[in-house]
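Q: Below is one structure. I have some questions about it.
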Amino acid sequence: MDNAFIKFNNVTFSYTVDEETGQRIKPALKGISFEIPKGQFIAILGHNGSGKSTAAKMMNGLVIPDEGEVTVDGIPTSDEKRIIDIRKKVGMVFQNPDNQLVATIVEDDVAFGPENLGVEPAEIRKRVDDALKAVGMYEFKDREPHKLSGGQKQRVAIAGAIAMQTECIVMDEPTAMLDPRGREEVMKTIKMLRDELGVTVILITHYMDEAVKADRVLIINSGKAVADGTPREIFKDVELIKSLGLDVPQATELAYRLNKLGYKIDYSVLDEKECADAILRLAGVV
Amino acid sequence: MIKDITIGQYFPGNSFLHRMDARMKIVLTLALIVGIFLCRSLVSIAVVVAVTFALIFVSGVPLKMVLKSIKPLAIIVAFTAVLNIFYIRGGTTLFEWRFLHITSKGLFTAFFMVVRIICLVIISSLLTYTTTPTVMTDAIESLLSPLKIFKIPVHTLTMMMTLALRFIPVLVDEVDRITNAQKARGADFDSGGLKEKVKALVPIIVPLFVSSIKHAFELADAMECRCYVDGKGRTRMKKMKLSFKDFIALLVVAVIFAGIILCNIYFKKVV
Ligand SMILES: Nc1ncnc2c1ncn2[C@@H]1O[C@H](COP(=O)(O)OP(=O)(O)OP(=O)(O)O)[C@@H](O)[C@H]1O
Ligand SMILES: [Mg+2]
């Protein structure tokens, strides 16, 4: 693959250093390699502590590999002189919205990124308004962040990343604090980013129903990439997913359990409609 | 209680004051405060009170909200008033009992002090009510920018100010959370003497300290992700520009200032 936008090449990283030997121990990532082409919507899954957030922080050089290399659009993240170029390409949204909002007024916060990039004032105004509308927070533009709910704050953080107009946005569990409706809106925003603006989206999530909507699913387990493919290919192997401490989408789960009960139902289904179709097919209705 | 602090509390609106350039607003506020302290006669203090109320009216901020900003000062104001009444001697003596004296000058001084403090607080809180904190810090940065000649990192200082303002409410929430968590674990903050009470604060302060540092690291990451380096090459969405109305305001304040001084000269000074 030559059109790879983000490339992990045999990346190893550990946060802790053994005090006696001075060696790095308990690696968070162990020789992981994968590539993300431009314009792809990829979901990264894995149980707690598997190394997803660490991988995410490598995608814009917040964390630099101990061994191996991460490149963004051909630029290695270890190149300190070009780190700003990388961050202009890759935006990031973290899990905790409280620690990402910088300004005391919503619209000023969304403007923070473009201001740092030296964008013209009129253009910033437009980007800020567009970004806030895209996440449905335009009416809140004059409010103070600490008076918003967790989900609303998270949407402002996403707007902040959108306003920077990066080619790629990495989101680390952006929906962890959202209610079902808020999650749906974020998913809609992601779809809009990918389909209309051609943004590469990397979504780290624990919600399988979100992963199903991605073009591709990558599963990380104790610092290694253990499964990689389209949602259909990945979730077909229910036993493997479960052995990695993860769930499959609810529709898949239902079909799988029915199958276990002895109904010869095809459980490579991803949503309710496919599940219903599979059941009807088994019943001979269709 | 701690949640009621009104630093940097912005009241959204579109009044003349809201639309003024923040730099001019800061300078004129300072000028008015100086004017308040120059008052010597009853007429000039009346002018100041009239101006203060006119400003509240122009700002469109509800009177109730403005008065709320004075409430925390009530005790200090009362205390200063009492001190002035009993300590200042001069003019005619109105009341005497053993060591207590009340003189006309003392009464006037106390009255002036109370009016001055109230007007000062109202005028400066109108500044924060009509200016968003971001614009305010931008304006301060711009006003202080001559200090850059002396290698003072003005941008860094004002950025720190913005972040402090942003994180005060976050930390206040955190204190609430930690306090409740410790209470749930059986901590007792209410009984015992002063020593026990101070000791009981340790289990709040230590986690607060840890979490503040965590906030700081995560915030630094988030700022880096958004390409923040330092003030260089940054643009602003809300560009500051002096306009016609700022000069009108300047003129008005100049007239008020002259008025106060003229009143001092032509009317009887009472303090
Ligand atoms: N700042 C840190 N210092 C030390 N160890 C860390 C730090 N951050 C993460 N780790 C360790 O690195 C490993 C991977 O953590 P990471 O945050 O990448 O996991 P994750 O997949 O994002 O988990 P989660 O689903 O809980 O977000 C974990 O074992 C964790 O304990
Ligand atoms: Mg994580």
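Residue numbers (the working numbering), protein chains in the order written: chain F, 1 to 286; chain S, 1001 to 1271. By construction, the Cβ of each residue, glycine as well, lies at the ideal position given by its N, Cα and C atoms. Being a predicted model, the structure only gives us computed values, none of them experimental.
(1) When you compare only the Cα positions, how much space is there between D109 of chain F and R1236 of chain S?
(2) From which residue to which residue does the beta strand (DSSP E) around N221 of chain F run?
(3) Can you name, in chain order, every residue of its own chain whose Cβ lies under 7 Å from the Cβ of L1242 of chain S, other than the five neighbours on each side?
(4) Residues in the same chain with beta-carbon distance under 8 Å from V1082 of chain S, minus the five sequence neighbours each way, listed in chain order, please.
(5) Kindly list the residues whose CB is nearer than 6 Å to the CB of Y1010 of chain S, restricted to its own chain and excluding five residues on each side of it in sequence; keep chain order.
(6) Verify the CB distance criterion: does H1155 of chain S have a CB-CB separation below 8 Å to chain F?
(7) In whole angstroms, what separates the C-alpha of R257 of chain F from that of V90 of chain F?
(8) So, at 8 Å on beta carbons, what are the nonlocal neighbours of E144 of chain F in its own chain, with the 5 sequence-adjacent residues on each side left out?
(9) Are the CB atoms of T205 of chain F and L45 of chain F nearer to each other than 8 Å?
(10) For the segment 1120-1150 of chain S, enumerate the residues whose C-beta is nearer than 7 Å to any C-beta of chain A, in chain order.
(11) Give the single residue among F:V226, F:A255 and F:A131 whose Cα lies nearest to the Cα of G245 of chain F.
(12) Taking contact to mean 3 or more Cβ pairs, one atom from each stretch, closer than 8 Å, check whether the segment 65-78 of chain F and the segment 129-146 of chain F are in contact.
(13) Given 7 Å as the limit, tell me if S1211 of chain S has its C-beta closer than that to any heavy atom belonging to ligand 1.
(14) Under the rule that 16 or more other beta-carbon atoms within 10 Å means buried, what is C275 of chain F, buried or exposed?
(15) Thinking C-beta only, is F1108 of chain S closer than 8 Å to V1271 of chain S?
(16) If you measure from the CB of Q95 of chain F, is any heavy atom of ligand 2 nearer than 7 Å?
(17) Given that I105 of chain F touches chain S, what residues does it touch there, using C-beta distances under 9 Å?
(18) Helix or strand or just coil, what does DSSP make of K7 of chain F?
(19) Comparing C-alpha positions only, which one of S:V1252, S:G1035, S:P1207 and S:Y1228 sits nearest to V1115 of chain S?
(20) On a CA-only basis, which of S:I1070, S:D1138 and S:E1218 is nearest L1157 of chain S? Give me that one, please.
(21) Any C-beta of chain F sitting closer than 8 Å to the C-beta of V1239 of chain S?
(22) Kindly indicate if chain F contains any beta-carbon less than 8 Å away from that of A1222 of chain S.
(23) For ligand 2, I want to know if K1214 of chain S counts as a neighbour, meaning its beta carbon is within less than 7 Å of at least one of the ligand's heavy atoms.
(24) Is there at least one non-hydrogen atom of ligand 1 closer than 7 Å to the beta-carbon of K224 of chain F?
(25) Looking only at C-alpha atoms, which of F:C168, F:T12 and F:K26 sits nearest to D18 of chain F?
(26) Is there at least one Cβ from chain S nearer than 8 Å to H47 of chain F's Cβ?
(27) Given a limit of 8 Å on CB to CB distance, which residues of the segment 103-133 of chain F reach chain S?
(28) Please enumerate, following chain order, all residues with a beta carbon closer than 6 Å to at least one heavy atom belonging to ligand 1.
(29) Which whole-angstrom value describes the C-beta separation of R216 of chain F and I42 of chain F, a residue pair presumed to lie in contact below a C-beta threshold of 8 Å?
(30) Thinking Q154 of chain F and L178 of chain F are a contact (beta carbons under 8 Å), I'd like their distance in whole angstroms, please.
(31) Suppose the cutoff is 6 Å on Cβ atoms and the five residues either side in sequence are ignored; what does the same chain contact list for I83 of chain F look like?
(32) Using three-state DSSP, classify F1053 of chain S as helix, strand or coil.
(33) Please tell me whether A176 of chain F and A159 of chain F are closer than 8 Å, where the distance is taken between their beta carbons.
(34) From which residue to which residue does the alpha helix (DSSP H) around T1137 of chain S run?
(35) With 9 Å as the C-beta to C-beta threshold (strictly closer), list the residues of the segment 1085-1109 of chain S near chain F in chain order.
(36) Using the rule of at least 16 other Cβ atoms within 10 Å of the residue's Cβ for burial, across every protein chain shown, is S1041 of chain S buried or exposed?
A: According to the structure data:
(1) Cα-Cα distance, rounded: 12 Å.
(2) Following the DSSP letters along the chain, one finds N221 of chain F inside the beta strand (DSSP E) bounded by residues R216 to N221.
(3) Result list for L1242 of chain S: D1021 and M1024, in chain order.
(4) Closer than 8 Å at the Cβ level, and outside the excluded window around V1082 of chain S, lie A1110.
(5) Taken in chain order, the residues that qualify are T1132.
(6) Not closer than 8 Å to any Cβ of chain F, the Cβ of H1155 of chain S fails to qualify, so no.
(7) R257 of chain F and V90 of chain F: Cα-Cα distance of roughly 41 Å.
(8) Cβ neighbours of E144 of chain F within its own chain (closer than 8 Å, five residues either side excluded): T104, I105 and V106.
(9) Yes; because the gap between Cβ atoms is below 8 Å, this pair is in contact.
(10) Absent from the structure: chain A. Protein chains present are F and S.
(11) The shortest C-alpha separation from G245 of chain F is found at F:V226.
(12) With the cut-off at 8 Å, the segment 65-78 of chain F and the segment 129-146 of chain F do not touch.
(13) False, no ligand heavy atom lies under 7 Å from that Cβ.
(14) Taking all protein chains shown into account, C275 of chain F has 16 or more neighbouring C-beta atoms within 10 Å of its C-beta and is therefore buried.
(15) Contact flag set, yes.
(16) The answer is yes for Q95 of chain F.
(17) Going along chain S in sequence order, the residues near I105 of chain F (Cβ under 9 Å) are Y1010, T1132, P1133, T1134 and V1135.
(18) For K7 of chain F, the secondary structure class from DSSP, reduced to helix, strand or coil, is strand.
(19) When the alpha-carbon of V1115 of chain S is set against those of S:V1252, S:G1035, S:P1207 and S:Y1228, the nearest one is in S:G1035.
(20) For L1157 of chain S, the closest of S:I1070, S:D1138 and S:E1218 by C-alpha to C-alpha distance is S:D1138.
(21) The sequence as given places Lys at residue 1239 of chain S; Val does not occur at that position. For K1239 of chain S, the answer is yes, since a Cβ of chain F falls inside 8 Å of its Cβ.
(22) Chain F contact via Cβ: present.
(23) No, the beta carbon of K1214 of chain S sits no closer than 7 Å to any heavy atom of ligand 2.
(24) Outside the cutoff, so no.
(25) With distances taken between Cα atoms, D18 of chain F lies closest to F:K26.
(26) The beta carbon of H47 of chain F does not come within 8 Å of any beta carbon belonging to chain S, so the residue lies off that interface.
(27) Cβ contacts with chain S come from A103, T104, I105, E107, D108, A111, F112, G113, P114, E115, N116, L117, G118, V119, E120, P121, I124, R125 and V128.
(28) So the residues near ligand 1 by this Cβ test are F:Y15, F:T16, F:A28, F:G46, F:N48, F:G49, F:S50, F:G51, F:K52, F:S53 and F:T54.
(29) The pair is a contact, with the Cβ atoms about 5 Å apart (cut-off 8 Å).
(30) Contact holds; Cβ gap of about 6 Å.
(31) Within the same chain, and ignoring the five residues on either side of I83 of chain F in sequence, the residues whose Cβ sits closer than 6 Å to its Cβ are G61.
(32) F1053 of chain S falls in the helix class under three-state DSSP.
(33) It is not a contact, given that the beta carbons lie outside the stated cut-off.
(34) Start and end: P1133 to L1144.
(35) Within the segment 1085-1109 of chain S, no residue places its CB atom closer than 9 Å to a CB of chain F.
(36) Answer is buried; the Cβ neighbour count reaches 16.
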